[in-house]
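There are 2 protein chains.
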Amino acid sequence: MSSSSPFTDEQIAEWASFGPKLKGKPTPEQQLEAQERKKKCADMKERLAKEINDPVNWTEKKIEKELDRLVEEGLESTAVRPSYLDGPSGTRDFYPPEMRVQNWLFDNFRETAKSFGFQEYDAPVLENVELYKRKAGEEIVDQMYAFTDKEGYHVTLRPEMTPTLARLVLGKTNLQTGEVRLTLPLKWFSIPQCWRFETTQRGRKREHYQWNMDIVGVDHVHAEVELLAAACFFFQRIGIGPDVVGIKVNSRAVLEAVLAKHGIEKGKKDADGGDIFEQVCVIIDKLDKIGGPAVTELLGEIGVGSDSAAEILKALEAPSVEELANQVGTNSEAVNQVKRLFELAEQYGFGDYLIFDASVVRGLAYYTGVVWEAFDRRGELRAIMGGGRYDRLLEKYGGEKCQIPCVGFGFGDCVIMELLKECGKIPDFASAGPDYVVCAFSPDLYGTAANISWKLRQTGATVDLMPTPKKKVAASFKHADQTGARRMVFVAPDEIEKGVVRIKDLRTKDKNGESIQVDCPLDALDTVDELVAKAVESE
Amino acid sequence: MSSSSPFTDEQIAEWASFGPKLKGKPTPEQQLEAQERKKKCADMKERLAKEINDPVNWTEKKIEKELDRLVEEGLESTAVRPSYLDGPSGTRDFYPPEMRVQNWLFDNFRETAKSFGFQEYDAPVLENVELYKRKAGEEIVDQMYAFTDKEGYHVTLRPEMTPTLARLVLGKTNLQTGEVRLTLPLKWFSIPQCWRFETTQRGRKREHYQWNMDIVGVDHVHAEVELLAAACFFFQRIGIGPDVVGIKVNSRAVLEAVLAKHGIEKGKKDADGGDIFEQVCVIIDKLDKIGGPAVTELLGEIGVGSDSAAEILKALEAPSVEELANQVGTNSEAVNQVKRLFELAEQYGFGDYLIFDASVVRGLAYYTGVVWEAFDRRGELRAIMGGGRYDRLLEKYGGEKCQIPCVGFGFGDCVIMELLKECGKIPDFASAGPDYVVCAFSPDLYGTAANISWKLRQTGATVDLMPTPKKKVAASFKHADQTGARRMVFVAPDEIEKGVVRIKDLRTKDKNGESIQVDCPLDALDTVDELVAKAVESE
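Those protein sequences? They're chains A and B, same order as listed. 1 is the number of the first residue of the first sequence in the UniProt record's numbering; add one for each residue after it. 1 is the number of the first residue of the second sequence in the UniProt record's numbering; add one for each residue after it.
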């Protein structure tokens with residue numbers, strides 16, 4: 001069956017692309033094609049045989065046969081498979097094996113958040129479109145999964161969680177006084193699914209999950225430090241060291257000082273009313289992708305002279321905030337905050353993960369101060385996580401009294417999974433099976449087997465009761481083995497008559513290498529551990 | 001602040017309903033109104049003062065003042081609160097206190113499922129509309145949260161999970177042969193959010209979560225028994241005994257035999273092409289709500305004579321499947337399966353939860369055999385959980401080769417929460433705070449406090465590092481107390497100079513009733529438990 005087949009979908013597709021085998025007498029042209037096909041097939045078989053490197057089970061002939069079968073199976077299924085059996089474009093299904101990995105990742109998010117004293121919240125995946133327009137202007141609506149409901153309301157699958165967080169905090173705020181009816185600071189986290197509607201590109205997803213961590217009500221850099229610490233604690237926890245990932249830290253407030261030196265002040269508008277500072281940020285954000293000369297050109301287009309552009313670019317390369325401050329001759333509070341952030345990260349214990357990078361500005365409009373972005377040191381993946389301070393957002397939503405400082409980050413589930421796969425850091429769940437597999441010898445013993453399962457579960461054990469009784473122990477063992485179970489209970493008449501049940505511990509072997517087995521009284525199923533321990537001792 | 005205010009929103013609304021206090025000189029009519037208002041206010045103040053029973057802090061005068069303040073605050077906020085600060089109609093926000101309860105409930109769902117050897121899966125909240133039309137006809141689309149996306153696809157927020165499960169199973173099935181490329185039986189669970197679009201009624205939600213448990217590939221009653229066992233294990237786990245809830249069990253196959261006696265055979269159509277068996281099921285499903293005479297009338301309308309109706313109604317009251325079988329003189333395989341189900345439930349250990357009820361048919365069209373429904377014995381709530389066998393569904397989606405038997409249940413999160421609240425079974429999370437609250441005495445000690453937090457977290461502890469240093473121990477204690485923390489670490493210069501830090505264990509008292517405190521070396525923060533234990537011993 002294809003589950004035990006060593007071939008990937010890509011390989012099957014490659015094989016299919018060579019076309020079908022010729023049947024009957026070929027024309028001269030067809031003969032040429034057939035030769036070409038044969039050559040391609042032979043090359044691929046040889047390549048695969050080398051890769052698999054199992055000359056007993058996977059001869060070239062066997063490989064050809066299996067690939068032919070898989071292609072045929074695929075053609076059959078696509079031929080009749082109705083479109084409603086696919087999920088909507090750009091979405092993912094999580095079968096149990098993928099779900100186990102996702103749960104493992106989310107547990108690590110959750111446990112990290114809890115070990116930092118953060119509290120979980122949640123909100124509906126559906127929000128009013130107005131919530132995003134208010135913050136980011138009409139254009140963001142184009143990338144949203146938005147629609148008009150049957151009552152005429154404009155709603156959307158949320159594109160990100162921060163506006164929802166703002167809504168929740170303001171839901172407990174007196175907008176007239178700015179007083180928050182919750183004890184500040186809030187340290188909140190959530191793992192929402194977020195959606196965007198892009199014209200489909202191969203492999204681009206329309207949904208992802210995003211671990212959100214936010215601190216509300218702290219106006220100094222300790223909040224940034226705490227969030228960065230949590231992210232690094234998470235990396236450490238899943239075995240990703242500072243040699244593999246780093247976090248680039250910058251401050252928009254520092255950048256402001258740099259740009260101000262060149263006449264680009266925050267709030268200054270161009271002829272069309274656009275904010276020049278914002279425009280420069282957008283251009284700088286592209287530096288990584290388009291390079292220095294292209295940035296200089298773009299800056300020129302909005303009126304930044306080439307000398308200024310050169311100096312700005314030089315400043316963006318400063319290896320530390322101190323050097324940057326020296327270069328531009330500024331020593332603002334913003335610079336001090338960044339300095340303090342790096343000092344504290346060292347003392348905290350996660351300094352190795354951080355580097356200063358004056359070119360990091362982040363894409364979102366609402367950041368006001370420190371911003372950061374986690375990246376893989378090999379530079380092959382997109383940003384792993386991004387965050388920063390957004391002190392003005394709640395004011396934008398709730399009015400001028402709501403000057404409530406906020407810092408937060410969003411950490412998607414896709415890029416980190418790519419990295420974990422590359423590093424081989426995803427745990428093997430092969431032995432994560434149930435504590436017990438229970439099997440009845442015959443239908444009349446099924447009730448007894450069920451009762452044994454019930455009692456074992458009362459002790460906290462996980463028990464997989466096989467729904468269909470089996471006369472043969474071997475079949476039950478196979479199931480226990482496949483699911484990675486720890487112990488096997490075979491409910492057979494001989495033992496039951498004596499008031500006991502035989503339990504094999506598949507992970508504990510005796511001196512002959514056989515699984516230890518014990519007979520446990522039916523009225524003392526909470527003593528299995530002791531019985532197994534005793535049996536081991538008496539070995 | 002209102003968080004410490006003893007008044008409920010309902011009480012504030014009641015106070016507000018008395019209207020505003022009169023200002024200036026009243027007209028004679030106004031005078032009368034003012035007197036009435038005064039009387040109502042006085043009554044309410046007296047009532048509340050008695051209820052609160054705290055004559056020192058909550059005098060009638062204080063109560064009046066606070067209620068006036070709360071009403072004013074409420075008026076202010078509603079006056080200016082923009083509509084985008086509310087979530088979409090019929091949805092719920094989960095602030096941390098509600099989220100804690102939800103997580104507790106879901107953990108119990110999840111742990112139960114795991115202890116029965118079920119594996120978790122998930123799929124997108126968005127599905128193609130076609131998936132539901134195929135199963136239940138066009139009319140269900142009216143109750144769906146459906147829309148047309150920007151590319152013209154008809155999609156919907158899923159109304160239920162079973163069609164998605166079918167889609168996933170068929171995604172691993174060769175539709176030509178019916179061969180499933182997964183090891184059967186599957187025991188799968190999920191806790192999806194499901195949506196429906198109803199015209200808004202007060203208090204009716206448009207979303208809920210639903211614990212889904214399904215067994216795929218078992219064609220006999222052991223599957224039903226296993227699912228019922230899991231539901232009862234869950235009830236037992238959260239402290240809901242068989243005295244509080246019961247599960248009504250029936251079989252549509254048994255009902256078929258009953259109706260066949262009266263000429264109502266499955267598949268028989270009326271003049272308009274409607275399935276008469278289905279129509280009778282729909283009418284019987286209403287028995288609880290509309291009563292016997294109304295059911296007789298409705299049955300008459302579709303051509304069932306009053307004698308037949310009387311006998312059918314009598315059969316629906318049969319106290320056991322045996323009695324029903326006797327009454328209608330049938331002894332089909334369906335009857336034997338139900339008998340066997342009740343026998344096995346007894347042997348399994350959860351028989352007390354089950355009762356036979358021939359009138360339970362369930363609303364969903366796709367059930368084919370045993371069906372059930374959990375209810376509160378006081379009869380005050382809607383159904384808590386419902387399920388049954390649906391052996392034809394995969395065939396309907398995947399074609400005639402896909403005859404894969406299935407059984408499953410859906411268990412919503414709302415009704416069970418109502419029941420748990422009524423029974424007082426929701427745990428108190430007051431002492432579920434972090435293991436440690438860490439506070440720095442001054443900003444220059446913040447890095448040290450951070451490093452202590454980092455090291456404590458490495459030992460697996462949950463640590464709430466207070467972002468703002470505090471000179472006063474009292475303020476930190478208050479925070480530790482409010483969050484239900486177990487230990488308090490106050491990082492002060494005297495101890496740090498000696499290389500130690502002082503830790504108070506707030507849940508362990510010495511003989512004078514004071515919290516035990518220990519000085520722990522900074523390089524041995526993994527020994528706190530031992531130090532506390534030693535201190536207790538030396539008491």
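No residue lacks a Cβ here, since even glycine has one placed at the ideal position from N, Cα and C.
Does the beta carbon of residue 372 of chain A come closer than 9 Å to any beta carbon on chain B? Taking Cβ atoms only, chain B never reaches closer than 9 Å to residue 372 of chain A, which makes this a no.
Checklist entry - Any beta-carbon of chain A closer than 9 Å to the one on residue 14 of chain B? => result Residue 14 of chain B does not count as touching chain A.
| said: Less than 9 Å between CB atoms is the rule here; does residue 437 of chain A satisfy it with respect to chain B? | reply: Residue-level contact by beta carbon holds for residue 437 of chain A and chain B, with a gap shorter than 9 Å.
*For residue 90 of chain A versus residue 198 of chain A, is the C-beta spacing smaller than 9 Å?*
Yes, these two residues count as a Cβ contact at 9 Å.
With C-beta atoms as the reference, is residue 483 of chain A less than 9 Å away from residue 117 of chain B?
Less than 9 Å divides the Cβ of residue 483 of chain A from the Cβ of residue 117 of chain B.
(message) Could you give the first and the last residue of the continuous beta strand (DSSP E) run that contains residue 208 of chain A?
(response) In this chain, the beta strand (DSSP E) harbouring residue 208 of chain A covers 207-216.
(Q) Quick check on residue 517 of chain B: buried or exposed, where buried means 16 or more other Cβ atoms within 10 Å of its Cβ? (A) Classification of residue 517 of chain B: buried, given that the 10 Å Cβ count is 16 or more.
### Rounded straight-line distance, which links the Cα of residue 246 of chain B to that of residue 334 of chain B
Each residue's CA atom was taken as its position, placing residue 334 of chain B and residue 246 of chain B some 22 Å apart.
**OP:** For residue 103 of chain A, return the contacting residues in chain B, with the cut-off set at a CB-CB distance below 8 Å.
**Re:** For residue 103 of chain A, the residues of chain B that pass the 8 Å Cβ criterion are 120, in the order they occur in the chain.
Worksheet entry | Touch test, the stretch 249-262 of chain A against the stretch 311-322 of chain A, Cβ-Cβ under 8 Å, three pairs minimum | Short answer: they touch.
Taking residue 328 of chain B as the query, report the chain A residues whose CB atoms sit under 7 Å from its CB, ordered along the chain. Chain A residues near residue 328 of chain B: none, gap ~27 Å exceeds 7 Å.
- request: Measure the alpha-carbon distance for residue 107 of chain A versus residue 289 of chain A and round it to whole angstroms.
  value: Each residue's Cα considered, the two are about 34 Å apart.
Check your understanding: Can you name the residues of chain B whose CB is closer than 9 Å to the CB of residue 397 of chain A?
Key -> Annotation: Cβ neighbours of residue 397 of chain A in chain B (cutoff 9 Å, chain order): 82, 84, 85.
- Starting from residue 266 of chain A and walking both ways along the beta strand (DSSP E), at which residues does that stretch end? No beta strand (DSSP E) contains residue 266 of chain A, which DSSP labels as neither H nor E.
Compare the C-beta of residue 226 of chain A with all C-beta atoms of chain B and state if any pair is closer than 9 Å. Chain B contact via Cβ: present.
### Task
Using a cut-off of 7 Å between C-beta atoms, extract the partners of residue 131 of chain A located in chain B.
Under the 7 Å cutoff, chain B gives 84.
Practice item. May I have a chain-ordered list of the alpha helix (DSSP H) segments no shorter than 4 residues that lie completely inside the stretch 238-263 of chain A? Key: Segments of the alpha helix (DSSP H) lying fully in the stretch 238-263 of chain A: 252-260.
**Request:** Would you mind listing the beta strand (DSSP E) stretches within the stretch 293-379 of chain A that are 3+ residues and don't spill past its ends, in chain order?
**Result:** Listed in chain order, they are 354-356, 370-376.
| request: Kindly indicate which three-state DSSP category residue 176 of chain B falls into: helix, strand or coil? | output: Under the three-state reduction of DSSP output, residue 176 of chain B falls in the coil class, being neither helix nor strand.
* Asked: Can you find a CB in chain A that lies within less than 9 Å of the CB of residue 171 of chain B?
  -> The Cβ of residue 171 of chain B sits closer than 9 Å to at least one Cβ of chain A.
| request: Under 9 Å between beta-carbons, which chain A residues line up against residue 197 of chain B? List them in chain order, please. | output: Residues of chain A whose Cβ lies closer than 9 Å to the Cβ of residue 197 of chain B are, in chain order, 149, 150, 151.
Examine chain B for any beta-carbon lying closer than 9 Å to the beta-carbon of residue 467 of chain A, and answer yes or no.
Yes, residue 467 of chain A lies at the interface with chain B (some Cβ there is under 9 Å from its Cβ).
**OP:** Determine which residues of the stretch 421-447 of chain A have a Cβ less than 7 Å from any Cβ of chain B, and write them out in chain order.
**Re:** Cβ contacts with chain B come from 434, 446, 447.
*Would you identify the three-state DSSP class for residue 536 of chain A, choosing helix, strand or coil?*
In the three-state scheme derived from DSSP, where H, G and I count as helix and E and B as strand, residue 536 of chain A is classed as helix.
Nonlocal neighbours in the same chain, by C-beta distance under 8 Å from residue 2 of chain B, ignoring five residues either side
Model confidence at residue 2 of chain B stands at a pLDDT of 36, short of 50, so the residue's coordinates are unreliable; what they give is reported in the following sentence. The residues are 70, 73.
message = Is the separation between the beta-carbon of residue 372 of chain A and that of residue 278 of chain A shorter than 9 Å?
response = It is not a contact, given that the beta carbons lie outside the stated cut-off.
What residues are listed by DSSP as bridge partners for residue 30 of chain A?
-> BP columns for residue 30 of chain A are empty, so no partner.
Mark residue 212 of chain B as exposed unless 16 or more other C-beta atoms lie within 10 angstroms of its C-beta, in which case mark it buried. Residue 212 of chain B is buried by the Cβ-count criterion.
query: At a CB-CB cut-off below 7 Å, which residues of chain D make contact with residue 353 of chain B?
result: No chain D appears in this structure, whose protein chains are A and B.
Mind checking residue 300 of chain A: buried by the 16 CB within 10 Å criterion, or exposed? Counting Cβ neighbours within 10 Å, residue 300 of chain A comes out exposed, since fewer than 16 surround it.
**OP:** May I have the straight-line CA-CA distance separating residue 190 of chain B from residue 122 of chain B, to the nearest angstrom?
**Re:** Within the model, the alpha-carbon separation for residue 190 of chain B versus residue 122 of chain B is close to 6 Å.
**Prompt:** Does any CB atom of chain A fall closer than 9 Å to the CB of residue 222 of chain B?
**Reply:** Answer yes: the Cβ-Cβ gap between residue 222 of chain B and chain A drops below 9 Å somewhere.
For this session: For the alpha helix (DSSP H) holding residue 162 of chain B, just list the boundary residues, first then last.
Result: Residue 162 of chain B: member of the alpha helix (DSSP H) spanning 162-170, first to last residue.
Q.
For residue 349 of chain A, would you say it is in contact with chain B, using Cβ-to-Cβ distances shorter than 9 Å as the test?
A. Chain B places a beta carbon closer than 9 Å to that of residue 349 of chain A, counting this residue as a contact.
query: Using a threshold of 8 Å, is the CB atom of residue 315 of chain A nearer than that to any non-hydrogen atom of the ligand NAP?
result: Absence of the ligand NAP from the depicted structure is noted, as is the absence of any ligand whatsoever, leaving it without description.
Going along the chain, which residues of its own chain have a beta-carbon closer than 7 Å to the beta-carbon of residue 193 of chain A, five neighbours each way excluded?
Same-chain partners within the cutoff: 125, 207, 209.
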